[in-house]
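S.K.: Letter by letter, the sequence shown follows residues -19 to -1, 1 to 207 of mature numbering (1 follows the signal peptide of the UniProt record, and there is no 0).
Idealized CB from N, CA, C, for every residue including glycine.
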Amino acid sequence: WVFMLMGMMVKMYIFLVHGWLPKAHVEAPMSGSMMLAGVFLKTSVYGICRLCLCFGCIPIKMSLALASVSLWGSVVTSLVCLSCADIKRIIAYSSVAHMGIITSSLVMGTSLSWAGSVCVSLAHGICSPCLFMISGFVSNLSGSRSILICKGVLSGVPLMNLVWFMYNCFNLGAPPGSGFFGEYACYCGVLSLMSAYLIPMLIYLLTLGGSFSVMLYAITAHGPKS
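1) Closest to Ser59 by CA distance: which of Ala202, Thr201, Met196, Val20 is it?
2) With DSSP run on the structure shown, which of helix, strand or coil describes Ser127?
3) Evaluate Val(-18) with the Cβ neighbour count: other Cβ atoms within 10 Å of its Cβ, from every protein chain shown; 16 or more gives buried, anything less gives exposed.
4) Going by beta-carbon coordinates alone, are His6 and Ala78 separated by less than 8 Å?
5) For my contact list, Thr84 and Met(-16) are in at a C-beta cut-off of 8 Å; report their separation, rounded to the angstrom.
6) Give the straight-line distance between the Cα atoms of Gly81 and Ile39, rounded to the nearest whole angstrom.
7) Could you check how far apart the C-beta atoms of Val101 and Gly163 are, in whole angstroms? I think they sit under 8 Å.
8) Would you give the residue range spanned by the alpha helix (DSSP H) that Ala155 belongs to?
9) Quick check on the DSSP output: the alpha helix (DSSP H) that includes Tyr27 runs from which residue to which?
10) Rounded to whole angstroms, what's the CA-CA distance from Ala48 to Gly137? Just pull it up for me.
11) Buried or exposed for Ala46, please, with buried defined as at least 16 other CB atoms from any protein chain shown within 10 angstroms of its CB.
12) Given that a residue counts as buried once 16 or more other Cβ atoms are within 10 Å of its Cβ, and exposed if not, what is Asn121?
13) Is it buried or exposed for Val20, if we count other Cβ within 10 angstroms and need 16 for buried?
14) Where does Ser173 land, buried or exposed, given buried means 16+ other C-beta within 10 angstroms?
15) Using CA coordinates, which residue listed in Ala166, Arg70, Leu143 is at the minimum distance from Gly90?
16) Under 8 Å between the Cβ atoms of Ile68 and Cys62?
17) Assuming Val50 and Leu(-4) make a contact with CB atoms under 8 Å, what is their CB distance in whole Å?
18) With a threshold of 16 other CB atoms inside 10 Å of the CB of Pro10, please say whether the residue is buried or exposed.
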């Protein structure tokens, strides 16, 4: 069942086996990116839950190793988001960061961590496809996916600007979105079984996650048009 678990994690695009995801999103049309972000995550999270229910919880040493790799991967991919210029690539790497949070909580095996993982996965399944949809709209307006060229594109479209702002807030886990409560439950579930040395890393993760979402919104929705 270990190999089945690893297969699910490749499909869940956690850190170290996520290399296919940014390329797939960049090459896929808007509808394909929406389907990939909204459906693939649900099937992989469900598959891991079923494996744990059928074969028992993941051994504690393996779960701690997977949680550590996933959380550090979330920090690294959040830094990658801040260095990217392609809108779809930024959203794709933000999905990898969210998957790290979900995976680290899911492998803990507690009821609180599972509830948090399900909440975050559902919130991500709604938020991420909408971000890809609006990014396609932005690309059609500007003729490019580069945030340097898309600067200020949405300033002349107030309604789309508002929707873009809302989904970027949900993407960074701001209340009252379900992602906020889900991430809170995930962090509580992880910290209940892992030592407190992870607290600074979780703070960095929260800060970086908010930073790239704010950057993505501010550049495309405000300022003079490029």
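M.R.: In this structure, then:
1) In the sequence shown, residue 59 corresponds to position 78, counting from 1. Ranking Ala202, Thr201, Met196, Val20 by Cα distance to Ser59 puts Met196 first.
2) Position 146 of the sequence shown, counted from the first residue, corresponds to residue 127. If DSSP states are grouped into helix, strand and coil, Ser127 belongs with the strands.
3) As a first step, residue -18 is located in the sequence shown; it is residue number 2 there, counting from the start. Val(-18) is exposed by the Cβ-count criterion.
4) Position 25 of the sequence shown, counted from the start, is the residue given in the question as residue 6. Position 97 of the sequence shown, counted from the start, is the residue given in the question as residue 78. In this structure, Ala78 does not lie closer than 8 Å to His6 by Cβ.
5) As a working note, residue 84 is residue 103 in the sequence shown. As a working note, residue -16 is residue 4 in the sequence shown. Distance from Thr84 to Met(-16) at the Cβ level is roughly 15 Å; contact not present, criterion being Cβ atoms closer than 8 Å.
6) For the purposes of this step, residue 81 is identified with residue 100 of the sequence shown, where counting begins at 1. For the purposes of this step, residue 39 is identified with residue 58 of the sequence shown, where counting begins at 1. Straight-line Cα distance between these residues: approximately 17 Å.
7) In the sequence shown, the residue the question calls residue 101 occupies position 120. In the sequence shown, the residue the question calls residue 163 occupies position 182. Val101 to Gly163, Cβ: 4 Å. Contact.
8) Counting from 1 along the sequence shown, the entry for residue 155 is found at position 174. Where Ala155 is concerned, there is no enclosing alpha helix (DSSP H), given that its DSSP letter is neither H nor E.
9) Here residue 27 corresponds to residue number 46 of the sequence shown, with the count starting at 1. First-last of the alpha helix (DSSP H) with Tyr27: 22 to 36.
10) For the purposes of this step, residue 48 is identified with residue 67 of the sequence shown, where counting begins at 1. For the purposes of this step, residue 137 is identified with residue 156 of the sequence shown, where counting begins at 1. So the alpha carbons of these two residues sit roughly 43 Å apart.
11) Position 65 of the sequence shown, counted from the first residue, corresponds to residue 46. Classification of Ala46: exposed, given that the 10 Å Cβ count is below 16.
12) Your numbering for residue 121 matches position 140 in the sequence shown. Looking at its Cβ environment, which holds fewer than 16 other Cβ atoms inside 10 Å, Asn121 is exposed.
13) Along the sequence shown, read from residue 1 onward, the residue named residue 20 stands at position 39. Result: exposed.
14) Locating residue 173 in the sequence shown gives position 192, where the first residue counts as 1. Its Cβ having fewer than 16 others within 10 Å, Ser173 is exposed.
15) Here residue 90 refers to the residue found at position 109 when the sequence shown is read from its first residue. Looking at the Cα atoms, Ala166 is the closest of the given residues.
16) As a first step, residue 68 is located in the sequence shown; it is residue number 87 there, counting from the start. As a first step, residue 62 is located in the sequence shown; it is residue number 81 there, counting from the start. No. Outside cutoff.
17) The residue you call residue 50 lines up with position 69 of the sequence shown. The residue you call residue -4 lines up with position 16 of the sequence shown. Yes, they are in contact, since the Cβ atoms of Val50 and Leu(-4) sit about 7 Å apart, within 8 Å.
18) On the sequence shown, position 29 is the one that residue 10 refers to. It is exposed - the Cβ of Pro10 has fewer than 16 other Cβ atoms within 10 Å.
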